[in-house]
Amino acid sequence: MPTMPLTSSNMCRCMTMASPRHLKLRGSSWRSLTQVNSAALPRAEGNVPSARLARCQNPKRGYEPPRHFLVGSYGRITPIKSLPRTGTRLYTTTPTALKPQHPLPASYYRGGTSRAPILHLSSLPRTPSLWPPLFRTILGSPDPFGRQLNGLGGGISSLSKLCLVGPSAREGVDVDFTFVQMGIRDGVLDYRGSCGNMTAGVAAFAVDEGLVEVPPAGKDGEEGGEAVVRIYNTNTGKLIEATVPVIAGEVAAVGDFAISGVPGTGACIKLAFLEPAGSVTGRLLPTGGGMDVFDGVEATCIDASNPCVFVEAESMGVSGTILPAEMGGHPDLLRRLESIRCQAAVRMGMCSRIEDTPAGVPKISLVSPPTGNEGERGEGGVDIVVRAVSTGDPHGAVPISVGVSVAAAAGVEGSVVARVMKGGRRGEGVVVAHPSGRMVVDARFEGGRLERAVVFRTARRIMRGWVYV
Numbered sequence: 152m153p154t155m156p157l158t159s160s161n162m163c164r165c166m167t168m169a170s171p172r173h174l175k176l177r178g179s180s181w182r183s184l185t186q187v188n189s190a191a192l193p194r195a196e197g198n199v200p201s202a203r204l205a206r207c208q209n210p211k212r213g214y215e216p217p218r219h220f221l222v223g224s225y226g227r228i229t230p231i232k233s234l235p236r237t238g239t240r241l242y243t244t245t246p247t248a249l250k251p252q253h254p255l256p257a258s259y260y261r262g263g264t265s266r267a268p269i270l271h272l273s274s275l276p277r278t279p280s281l282w283p284p285l286f287r288t289i290l291g292s293p294d295p296f297g298r299q300l301n302g303l304g305g306g307i308s309s310l311s312k313l314c315l316v317g318p319s320a321r322e323g324v325d326v327d328f329t330f331v332q333m334g335i336r337d338g339v340l341d342y343r344g345s346c347g348n349m350t351a352g353v354a355a356f357a358v359d360e361g362l363v364e365v366p367p368a369g370k371d372g373e374e375g376g377e378a379v380v381r382i383y384n385t386n387t388g389k390l391i392e393a394t395v396p397v398i399a400g401e402v403a404a405v406g407d408f409a410i411s412g413v414p415g416t417g418a419c420i421k422l423a424f425l426e427p428a429g430s431v432t433g434r435l436l437p438t439g440g441g442m443d444v445f446d447g448v449e450a451t452c453i454d455a456s457n458p459c460v461f462v463e464a465e466s467m468g469v470s471g472t473i474l475p476a477e478m479g480g481h482p483d484l485l486r487r488l489e490s491i492r493c494q495a496a497v498r499m500g501m502c503s504r505i506e507d508t509p510a511g512v513p514k515i516s517l518v519s520p521p522t523g524n525e526g527e528r529g530e531g532g533v534d535i536v537v538r539a540v541s542t543g544d545p546h547g548a549v550p551i552s553v554g555v556s557v558a559a560a561a562g563v564e565g566s567v568v569a570r571v572m573k574g575g576r577r578g579e580g581v582v583v584a585h586p587s588g589r590m591v592v593d594a595r596f597e598g599g600r601l602e603r604a605v606v607f608r609t610a611r612r613i614m615r616g617w618v619y620v
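All letters in the sequence shown, in the order written, are residues 152 to 620 by our numbering.
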């Protein structure tokens, strides 16, 4: 049967759109739809060609598709299963299969300086091997352009993550929390390590979803108080105790607490990371000491909340107050930092080969003494200046886990951090300066052991509904 070349006019004729309620194809319409010259069209991954059209071979109607044929859309075409087994397939103008999308219950939260979709474990398939394609669709990775435009991701490491939450069967624990870091361009999922910022969002989610008990109304009818949420992070096997302000059974939506890097104020959420040492490697000092050398550069490898590597900015030939945009303009600096990070991962026992280094951890940071102009806001009273790199990109603020590791390393004699702070910690609190301002970490030691690290964050529920996969 003759075929017609794909011209721009034919392409426009095939872009007829119809609402889902009109997508009912029967009789000759189905026959003309299924008589596709599949051999004449190249196929892309998933049996869907890229930028090609269906060729409907109906001599009476020429090459105009049936009136109700929806092309290039995510419409729900229920009769797709009734296609005859002729070996032919449907083709669209986009690399998307003609199949219905499925709504998945989800919430969207900001936690600290991060933001992520939060999924209830009960809404996911029981087989975890089915999760990765869903997660990639939700966030919009892999994206060769680095924007995650097709999903809820934001194109930077602090916005390319997912949180999975459900009630815990562990004694004395309210919820289990699994963190997923997503590679923006490659779509690689990393379950190693956790996210301290999004832990605040998880605590708020647990309250909003009724996964924990909230304080009853007061004697004077005042509905408020604080809910304590005990969170078990499955990535690290560590506990976090969150204290969340509550009003009328939900997380307080307003407050007067401000954190650097987030506009406005919100209700203060206290996060206490209990015994955070050895979160991934099992030891506070995975290499056995407070100082190592990689590529001729002294570094401290420490594991508190997340594995981290600290090097002095001076040893890398840059100013400690260098900003993220300026770091991005030094590809050699980022390449050297990545080389040190990968070597450190092997020495910390996280992997056996450099090429197997996880993307998310260990995190690497430049540290330097305060200068009085250490951040974009130039706030004083700072103990140490930090410039963090996360998944290969300079961080706009500082991950909570890096702040916790800084506070822990300050108590390690001979570490790079203690040297920069000229003797280490001068009290329980460590003030960390970063490009967006500063963060205070309260580290408490008992007999030389890191008992807990406390930080204060805010969180906000942005959306609750369905994400389509």
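Quick reminder that beta carbons are idealized off the backbone N, C-alpha and C, glycines included.
Does DSSP classify residue i as helix, strand or coil?
i    : result
D593 : strand
F445 : strand
A561 : coil
A510 : coil
F356 : helix
P458 : strand
P520 : coil
E364 : coil
I307 : coil
A399 : coil
S556 : helix
G415 : coil
P251 : coil
P279 : helix
V620 : coil
S466 : helix
Assuming residue i and residue j are in contact, meaning their beta carbons sit under 8 Å apart, how far apart are those beta carbons, in whole angstroms?
i    : j    : result
E342 : V353 : Before going further, note that residue 342 is Tyr rather than Glu in the sequence given. Wrong, their Cβ atoms sit about 15 Å apart, outside the cutoff.
L425 : I453 : The pair is not a contact, with the Cβ atoms about 17 Å apart (cut-off 8 Å).
D325 : L362 : 6 Å
K514 : P545 : Not confirmed; about 12 Å, so no contact.
F408 : V568 : Actually they are not in contact, since the Cβ atoms of F408 and V568 sit about 27 Å apart, beyond 8 Å.
N386 : G441 : With a Cβ gap of about 25 Å, N386 and G441 do not count as contacting.
V405 : A418 : 7 Å
G412 : S258 : That pair is no contact at about 22 Å.
V518 : V571 : 5 Å
What are the start and end residues of the alpha helix (DSSP H) that includes residue i?
i    : result
S490 : P482 to R498
T288 : W282 to L290
P475 : P475 to G479
V571 : V567 to V571
If you follow the beta strand (DSSP E) that residue i is in, where does it begin and where does it stop?
i    : result
N384 : G376 to N384
R603 : R600 to R608
V537 : I535 to S541
G580 : G580 to H585
Identify, in the order they occur along the chain, each residue of the same chain with its Cβ nearer than 6 Å to the Cβ of residue i, setting aside the five sequence neighbours on each side.
i    : result
A202 : In this prediction, A202 scores a pLDDT of 34, lower than 50, which makes its location untrustworthy; no coordinate-derived value is stated.
G554 : V583, M590 and V592
M349 : G262, S265, A267 and C314
S556 : I453, A455 and C459
G305 : none
S308 : S541, T542 and D544
V606 : L422, I551 and V592
Ignore the nearest five residues each way along the sequence and tell me which others in residue i's own chain have a CB closer than 7 Å to its CB.
i    : result
V395 : A354, A355, V358, E377, A378, V380, V402 and I420
R321 : Y383
R336 : P293, D294, P295 and G297
G532 : V582
P283 : L340
For residue i, which residues does DSSP report across the bridge?
i    : result
L313 : V331
R615 : S258
C452 : V460
T394 : V379 and K421
P318 : V326
A428 : A455
I515 : V460 and V540
I505 : I505 is not bridged to any residue.
H271 : V316
G588 : H585
F296 : None, per the DSSP bridge assignment.
In chain order, what residues of the same chain lie with their CB nearer than 8 Å to the CB of residue i, ignoring the 5 residues before and after it?
i    : result
F596 : G562 and E602
R504 : V497
A428 : R434, L435, D454, A455, A559, R600 and L601
G388 : S430
K573 : P520
M499 : T432, P437, T438, C452, D454, P458 and P513
D446 : R487, S490, I491 and Q494
P366 : G375, G376, E377, A378 and V397
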